[in-house]
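Chemist: This structure is in structure tokens; I'll ask about it shortly.
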């Protein structure tokens, strides 16, 4: 076998392979070193970034610490300021309730809102009523009320509760809802407003009591309660509504008084049993458990321009000192927010119905004893407009005997007129004798001008009582009849263009006053003609006749203008009343009074001897004395 030997080519091949391997080992080492260097650089970058991030975090933490320190310092400063300003009451401002939050409570009759700041009502909405725009009736809204207790502290501070925060809570006491608003000095020491609301009741039981404040509040000084309210407009005619918007109060036992109706007014009264901020058909009434010793009352008229769409009618204010017992406040009240309805107010047995202006003296008595019960009965089963007509008929039937007496007296005077004219002609130069003969004839005939006047005077109390009844009859509010949408307001059939407002008349035309004016015109034309025909002819009578003729036109015009903005129910009453009066007069004249029979009775009466009564004797004596004095003066002149 042949032995193999390394040749030159093989040696060269091995050398090349060995060289390639060495080169590859070298390249891998260079690459590895480069990677290690790059990794080392990246680690350094990462370390630097981390250092920067840590530095930034440290800076942010330092800033937060600084800001927190500033806030702590600021809070400390604020706390010191509150402590300096409010003293012990600074505690209330540190509670979670120290913000302008609202507590809402609802009952069957109203929705209420209470503010933490001040602790009083911020809104009272009556759920069962709407205003002339068909929007809910609010007695309190948009800061139209203020309720504040001003007091001094033992460390010589003067504070107002309207600036302080109360802590609210709502609980149940049986069927009643209790809202407690506490102005705290600590968890166990506070001033509390306590409201207790009953189902279907417009009266809120309200108390102001303190606990543990005898050494905080300075009770040696007066602690004054200040309650004010601006009446919100509720009716179509603000002029008419404002006329019946008044501050009314009971004082010194059972005395009822009012502040000015259409002007600013203020009074200080003693022993006030209640005070009413009346807004025509709605009232806000404060009723203390015990009469308030002294109250300062103020009323300001806010309706300066009746043509402007005014939001408020009057601004009311009352200020008085609260009762303090052993250094603590102990005061109980009732707050009435509801309708000015006699039927509702009477249920509280506090004489609150007297806040309604039924009229003074006999006029108010007629309303309360006759018209209110009568209308309540009729409206119980009749539509309200029909009830007014039926009541008018009943009143006119009741007063028909008065109209009969008045007409009979005028008939007698008209029959005697020729004889009375003859007497005045016969004794034209002797007025005393003419007067004596006139009185003698009238006495024998049983006729007298006064007999015609007295029956007319008897109707005045009824007339005025009804004049006061209709504007205050809550039952008529928003009750419609024929074209009248609301019998408690005017019945407009035409509204003038915007900006047109006739002085004293208004910006619209009401129909019922027009009908009433027409009826009054014809009634006065009949009665005035009757009166003029019965008056004896004498000097000055032509001028008197002219004046009576002017009254025929003046009275209807007055009705037309004055009642254009009044309650349509009142104008309806006068329209029907005058129609019935015309009918009664025609019936009396045509079917009841026979002038021939009246004349026959007069002749019989004249033929009988007539004894003078004491009044007639006294009048004759006075006339004779006057005539004697006149004659004596004439003789002395001669």
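Numbering (our numbering), first residue to last: 1 to 638. Positions of the beta carbon are idealized from the N, C-alpha and C atoms, including for glycine.
1) Measure the C-alpha to C-alpha separation of residue 336 and residue 286 and round it to an integer number of angstroms.
2) Considering only the alpha carbon of each residue, which of 284, 371, 578 and 486 lies closest to residue 126?
3) Using 10 angstroms around the beta-carbon of residue 304, count the other beta-carbons present and answer buried if the total reaches 16, otherwise exposed.
4) Buried or exposed, going by whether 16 or more other CB atoms sit within 10 Å of the CB of residue 255?
5) Name the one or two DSSP bridge partners that residue 227 has.
6) Only counting the same chain, and skipping five residues up and downstream in sequence, which positions put a Cβ closer than 6 angstroms to that of residue 122?
7) In the DSSP output, which residue or residues are listed as bridge partners for residue 215?
8) By how many angstroms is the C-alpha of residue 192 removed from the C-alpha of residue 298?
9) Just curious, the alpha helix (DSSP H) that residue 274 is in, first and last residue?
10) For residue 586, is the beta carbon positioned less than 6 angstroms from some heavy atom of the ligand GDP?
11) By the 10 Å Cβ neighbour count, where 16 or more other Cβ atoms means buried, how is residue 334 classified, buried or exposed?
12) Residue 332 and residue 271 look like a contact to me (Cβ under 8 angstroms); what is the Cβ gap, rounded to whole Å?
13) Determine contact between the segment 219-227 and the segment 250-265, defined as no fewer than three beta-carbon pairs at a distance below 8 angstroms.
14) Assess, as a yes-or-no matter, whether the segment 493-506 is touched by the segment 223-230 under the definition of 3 or more beta carbon pairs within less than 8 angstroms.
15) In its own chain, which residues sit with a C-beta less than 8 angstroms from the C-beta of residue 526, not counting the 5 before and 5 after it?
16) What would DSSP say about residue 568, mapped onto helix, strand or coil?
17) Exposed or buried, residue 482, counting other C-beta atoms within 10 Å across all chains shown (16 or more means buried)?
18) For residue 96, which option in 165, 149 and 197 has the closest C-alpha, if you only look at C-alpha atoms?
19) Rounded C-beta distance between residue 280 and residue 235? I'm assuming under 8 angstroms.
20) Should the segment 180-195 be regarded as contacting the segment 241-249, the criterion being three or more beta carbon pairs within less than 8 angstroms?
21) If I'm right that residue 209 touches residue 329 with Cβ under 8 angstroms, what's the distance once you round it to whole angstroms?
22) What does the Cβ neighbour count give for residue 391, buried or exposed, with the cut at 16 atoms within 10 Å?
23) Could you tell me the distance, in whole angstroms, from the CA atom of residue 363 to the CA atom of residue 465?
24) Quick one: Cα of residue 155 to Cα of residue 90, how far?
25) Indicate whether the contact test is met: 3 or more Cβ pairs, each with one atom in the segment 552-560 and one in the segment 371-380, closer than 8 angstroms.
26) Of all the options 570, 302, 213 and 515, which has the alpha carbon lying nearest to the alpha carbon of residue 675?
27) Have a look at residue 573 and residue 120 and give me their C-alpha separation to the nearest angstrom.
28) Out of 130, 118, 341 and 248, state which residue places its alpha-carbon closest to the alpha-carbon of residue 92.
29) To the nearest angstrom, how far is it from the Cα of residue 384 to the Cα of residue 479?
30) Using beta-carbon positions only, say whether residue 564 and residue 523 come within less than 7 angstroms of one another.
31) For residue 4, does the three-state DSSP call read helix, strand or coil?
32) Residue range of the alpha helix (DSSP H) that residue 241 falls in?
33) Only counting the same chain, and skipping five residues up and downstream in sequence, which positions put a Cβ closer than 6 angstroms to that of residue 171?
34) Short of 8 angstroms in beta carbon distance, which residues of its chain neighbour residue 640, apart from the five on each side in sequence? Order them along the chain.
35) Could you give the first and the last residue of the continuous alpha helix (DSSP H) run that contains residue 395?
36) In this structure, does DSSP put residue 379 in helix, strand or coil?
Modeler: Put simply:
1) 7 angstroms
2) 284
3) exposed
4) exposed
5) 147 and 318
6) By the criterion of a C-beta distance shorter than 6 angstroms, residue 122 is surrounded in its chain by 113 and 115, once the five residues flanking it on both sides are discounted.
7) Answer is none; residue 215 lacks a bridge partner.
8) Rounded to the nearest angstrom, the two C-alpha atoms are 27 angstroms apart.
9) That residue, residue 274, is in no alpha helix (DSSP H); its beta strand (DSSP E) goes 265-279.
10) The ligand GDP is absent from the structure shown, which contains no ligands of any kind.
11) buried
12) With 8 angstroms as the limit, residue 332 and residue 271 do not qualify as a contact, their Cβ atoms being about 17 angstroms apart.
13) no
14) no
15) 582 and 585
16) helix
17) exposed
18) 165
19) 6 angstroms
20) no
21) 6 angstroms
22) buried
23) 5 angstroms
24) 13 angstroms
25) Segments in contact, no.
26) Nothing about residue 675 can be read from this structure; the chain reaches only from 1 to 638.
27) Cα to Cα, the separation comes out at about 44 angstroms.
28) 118
29) 7 angstroms
30) no
31) At residue 4 the pLDDT is 42, less than 50, meaning the model places this residue with poor confidence; the figure from the coordinates comes in the next sentence. Correct three-state label for residue 4: coil.
32) 238-243
33) Excluding its 5 nearest sequence neighbours in each direction, residue 171 has C-beta neighbours in its own chain below 6 angstroms: 178, listed in chain order.
34) The chain is shown only over 1 to 638; residue 640 falls outside these bounds and no answer can be derived.
35) Going by DSSP, residue 395 is part of the alpha helix (DSSP H) stretching over 384-398.
36) Note: residue 379 maps to coil in three-state DSSP.
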